[in-house]
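Per UniProt numbering, residue 1 is the first one in the sequence shown, and the count goes up by one each step.
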Amino acid sequence: MTLLSFTTLLHPGSDGTSAVGTLGPPGTSSEVAATQFARRSAGPDGPAAAVRLFDTYEEAGAALRAADVAHVVVANAYKAINHFYMDPALELTNVFVMDTPLYGLAVRRGATPVPDSPTIATHPAPEPIIAQLLSRKHTTHKVLHSTSTSAAARAALDGTADLALTTGPCAALYDLEFISRTRPIRMVWSVFARSVPDGSGA
Numbered sequence: 001m002t003l004l005s006f007t008t009l010l011h012p013g014s015d016g017t018s019a020v021g022t023l024g025p026p027g028t029s030s031e032v033a034a035t036q037f038a039r040r041s042a043g044p045d046g047p048a049a050a051v052r053l054f055d056t057y058e059e060a061g062a063a064l065r066a067a068d069v070a071h072v073v074v075a076n077a078y079k080a081i082n083h084f085y086m087d088p089a090l091e092l093t094n095v096f097v098m099d100t101p102l103y104g105l106a107v108r109r110g111a112t113p114v115p116d117s118p119t120i121a122t123h124p125a126p127e128p129i130i131a132q133l134l135s136r137k138h139t140t141h142k143v144l145h146s147t148s149t150s151a152a153a154r155a156a157l158d159g160t161a162d163l164a165l166t167t168g169p170c171a172a173l174y175d176l177e178f179i180s181r182t183r184p185i186r187m188v189w190s191v192f193a194r195s196v197p198d199g200s201g202a
């Protein structure tokens, strides 16, 4: 993964970066991005904040509003990220560009041959790259939406789906093997914190 740029828009709150929340479970691109942010925010000598994983970005946002985490990292490809931007209880503090781990189409080791029209589990955001990776012999396919790349990998593992569009870390975690080429996704990541009153009374 390549961290290409990092921009701090607002000074972090006085409570520091006690924990960073993002989308889980383990193995997601969001976890990798949140870990990078935690390390970057800690500086060269400070300890990195813990990364807490949630089933949805919305649950991570709720934890932020409840002060259970200090920051939440959200992928800009997420279709509902606008709710974070518009929420008056939150503010954008950092933006960075980072390549995701490698994505590919993966199958459970030892699985039966992939059918002509496979069911492919994927998070909705990277779904467009299925057509780039799927072999031409599969002229049609079905999509099974999952809440994360990790959940997609689990679907391939338990047989709910024939294939998963998932990342290298998830494939390793669930003992899947790629049957396609792999590629990263260059992604913008937004970091949110709780809003700090400006004291103007306006």
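Where is the CB? At the ideal position from N, CA and C, for every residue including glycine.
Provide the residue(s) that pair with residue i in DSSP beta bridges, ordered along the chain.
| i | result |
| --- | --- |
| residue 261 | Given a span of 1 to 202 for the chain in the structure shown, any question on residue 261 remains unanswerable. |
| Ile-186 | Checking the sequence, you will find Arg at residue 186 rather than Ile. Asp-99. |
| Gly-21 | Arg-52, Val-72 |
| Val-191 | Val-73, Asn-94 |
Using only CA atoms, which one of the options lies nearest to residue i?
| i | options | result |
| --- | --- | --- |
| Arg-186 | Thr-160, Gln-132, Tyr-103, Gly-27 | Tyr-103 |
| Ala-106 | Asp-162, Trp-189, Ala-38, Arg-183 | Asp-162 |
| Arg-194 | Ala-151, Val-32, Ala-33, Arg-65 | Arg-65 |
| Ala-62 | Leu-90, Arg-40, Pro-44, His-141 | Leu-90 |
| Glu-177 | Leu-157, Glu-59, Arg-40 | Leu-157 |
| Thr-122 | Arg-136, Asp-116, Ser-150 | Ser-150 |
| Glu-31 | Pro-44, Asp-45, Ala-49 | Ala-49 |
| Pro-26 | Ile-179, Ser-148, Pro-184, Ile-81 | Ser-148 |
Quick one: is residue i near chain D, going by C-beta distance under 8 Å?
| i | result |
| --- | --- |
| Pro-169 | Among the protein chains of the structure shown there is no chain D, as only one such chain exists. |
Going along the chain, which residues of its own chain have a beta-carbon closer than 8 Å to the beta-carbon of residue i, five neighbours each way excluded?
| i | result |
| --- | --- |
| Asp-68 | Ala-19, Gly-21, Arg-52 |
| Arg-181 | Gly-104, Leu-133 |
Short of 7 Å in beta carbon distance, which residues of its chain neighbour residue i, apart from the five on each side in sequence? Order them along the chain.
| i | result |
| --- | --- |
| Pro-88 | Ser-195 |
| Val-188 | Asn-76, Val-95, Val-97 |
When burial is assigned at 16 or more other CB atoms within 10 Å of the CB, is residue i buried or exposed?
| i | result |
| --- | --- |
| Gln-36 | buried |
| His-145 | exposed |
| Pro-44 | exposed |
| Gly-110 | exposed |
Ignore the nearest five residues each way along the sequence and tell me which others in residue i's own chain have a CB closer than 6 Å to its CB.
| i | result |
| --- | --- |
| Ser-14 | No answer about Ser-14 holds up, because its pLDDT of 41 lies below 50 and its placement is not dependable. |
| Thr-119 | Lys-142, Leu-144, Ala-161, Asp-162 |
- Message: As an exercise, report each continuous alpha helix (DSSP H) stretch of at least 4 residues that is fully enclosed by the segment 23 to 67, in chain order.
- Response: Restricting attention to alpha helix (DSSP H) runs no shorter than 4 residues, the segment 23 to 67 encloses them at 29 to 42, 57 to 65, ordered along the chain.
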